[in-house]
Amino acid sequence: MEDDATLYKTARRKSSVAPHSTLCNTARPVAATCSLLPTPSVPACQCSLNEVISCRRAADCGNYSPSSPRRGLSVPRKITDMVCTQVTDDTHDVRTFRLEWPVGFDYQFVTGQFITVWFPHDPATKRAYSLSSCELDRGYFDISVKKAGNFGTRLYSELKVGMKLTVIEPVGKFNLPDDPAKDVIMVAGGSGVTPFRGFVRFLTKMRTQTRCVIIFSVRVPSDIIFNDEFRKLEAMNPNFRFVVTCTRVLPEHHWTGRVGRVNEALLREFTRSLPNTVYYTCGPTELVEAIEQTLLAAGADKKQIKAEKWG
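Residues in the sequence shown are numbered consecutively from 332, following our numbering.
This is how it looks when you write it as structure tokens:
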């Protein structure tokens, strides 16, 4: 088996497959070389003709073009209907929906990307959602939806187990660094924490030594999304910290944790080495722009900051 760093870097490359015999008729995601990752093999005959799979050795997969979408090749994006197989209430106004891949589909994507979804009977109304699952979670996509806005409220309220959504395969560049030696600090507000669930799941499953911290700003304790899962991941992963700060806490909340907004002091507290840290921030525009300005003022380079914002 390859060492952790090699597996990590290989798994960061979209659409790669593990080396195998020229007599083999299956294309297998490279992450499957790790026993931790339950990644099924997919018969070549079941793959879409539009798929472009990059092989380590071109001769191993003669039926596939050895080109990578990351090198500028124009590749048709898969659009397909997926069945909702699970609905989880994360908080009073956030639900996670599990969308099962159709038989024969094996999506190669990168943790942190997003999908665009709509109800099959209403293609004019659609929205993009960051994946809250990671690339090692095979066979399904998880999206976590806040009950807000027209489409979000509709999706939150109407999508049930057994119903379908039309899905465009993942895209996006809000991804983990290729170097597992980099520290990763993630700052989120509200539902902006959803892609970071995928980040931490990936890093924990890969057993990397990457030091990662989530700093999560919420109004009140009942707004903490994925609290139980993040606490379990903290126990599993000694390199992960989950830090929550509440901005509108009241005595009746019985909150004993941190209070106040994310500021420079809080960011510095969890920054071990500024030059070796990649910062991610996701959430409402006001919070994200404030974090960006705080980091720049503290001496971070723009290249060290990755941001996604809305509203």
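Glycine is no exception: its CB is placed at the ideal position from the N, C-alpha and C atoms.
Query: Under the three-state DSSP convention, the category residue 604 falls into; Result: coil
Query: Presumed contact (8 Å Cβ cut-off) between residue 508 and residue 462, rounded CB distance; Result: Not a contact, Cβ separation roughly 18 Å.
Query: Contact check, residue 517 vs residue 556, beta carbons under 8 Å; Result: no
Query: Residue 619 - containing alpha helix (DSSP H), residue span; Result: 616-628
Query: For residue 439: DSSP bridge partner residues; Result: Residue 439 is not bridged to any residue.
Query: Inter-stretch contact at 8 Å, needing at least 3 Cβ pairs: the segment 411-425 / the segment 556-573; Result: yes
Query: Bridge-paired residues (DSSP) for residue 610; Result: 516 and 636
Query: Residue 394 (DSSP reduced to helix, strand or coil); Result: Low per-residue confidence applies at residue 394: pLDDT is 29, beneath 50, and the placement is therefore not dependable, though the value from the model is reported in the following sentence. The answer is coil: DSSP assigns residue 394 none of H, G, I, E or B.
Query: Residue 475 classed as buried or exposed, judged by whether at least 16 other C-beta atoms fall within 10 angstroms; Result: buried
Query: Exposed unless 16 or more other CB atoms sit within 10 angstroms - verdict on residue 464; Result: buried
Query: Straight-line Cα distance separating residue 566 from residue 470; Result: 26 Å
Query: Identity of the residue in 446, 588, 504 and 527 nearest residue 551 by Cα; Result: 588
Query: Separation of residue 467 from residue 437, as counted between CA atoms; Result: 12 Å
Query: Extent of the continuous alpha helix (DSSP H) run through residue 461; Result: No alpha helix (DSSP H) contains residue 461, which is instead part of the beta strand (DSSP E) from 457-461.
Query: Residue 431: first and last residue of the uninterrupted beta strand (DSSP E) it sits in; Result: 425-431
Query: Residue span of the alpha helix (DSSP H) that contains residue 526, given as start and end; Result: 525-537
Query: Anticipated Cβ contact below 8 Å, residue 440 with residue 459, distance rounded; Result: About 14 Å separates the two Cβ atoms, so there is no contact after all.
Query: Beta-carbon proximity of residue 519 to residue 527, cut-off 8 Å; Result: yes
Query: Whether residue 492 touches residue 608 by CB criterion (8 Å); Result: no
Query: Assigned exposure category for residue 631 - 16 Cβ within 10 Å defines buried; Result: buried
Query: Proximity to residue 592 [Cα-Cα], best of 625, 611 and 563; Result: 625
Query: Backbone secondary structure at residue 466 - three-state DSSP; Result: coil
Query: Exposure of residue 514, with buried meaning 16 or more beta-carbon neighbours within 10 Å; Result: buried
Query: DSSP-derived helix/strand/coil call for residue 496; Result: strand
Query: C-beta contact flag for residue 497 and residue 451 at 8 Å; Result: yes
Query: Residue from 427, 447, 426 and 429 whose Cα sits closest to the Cα of residue 408; Result: 447
Query: Beta strand (DSSP E) segment containing residue 475, residue limits; Result: 471-477
Query: Cβ separation of residue 613 and residue 639, assumed to be a contact under 8 Å, to the nearest whole Å; Result: 4 Å
Query: Paired residues, beta bridge with residue 589 - DSSP; Result: 576
Query: Rounded distance between the beta-carbons of residue 547 and residue 574, thought under 8 Å; Result: 7 Å
Query: Neighbour-count burial assignment, residue 542, 16 or more Cβ in a 10 Å radius; Result: buried
Query: Span separating the alpha-carbon of residue 453 from that of residue 610; Result: 37 Å
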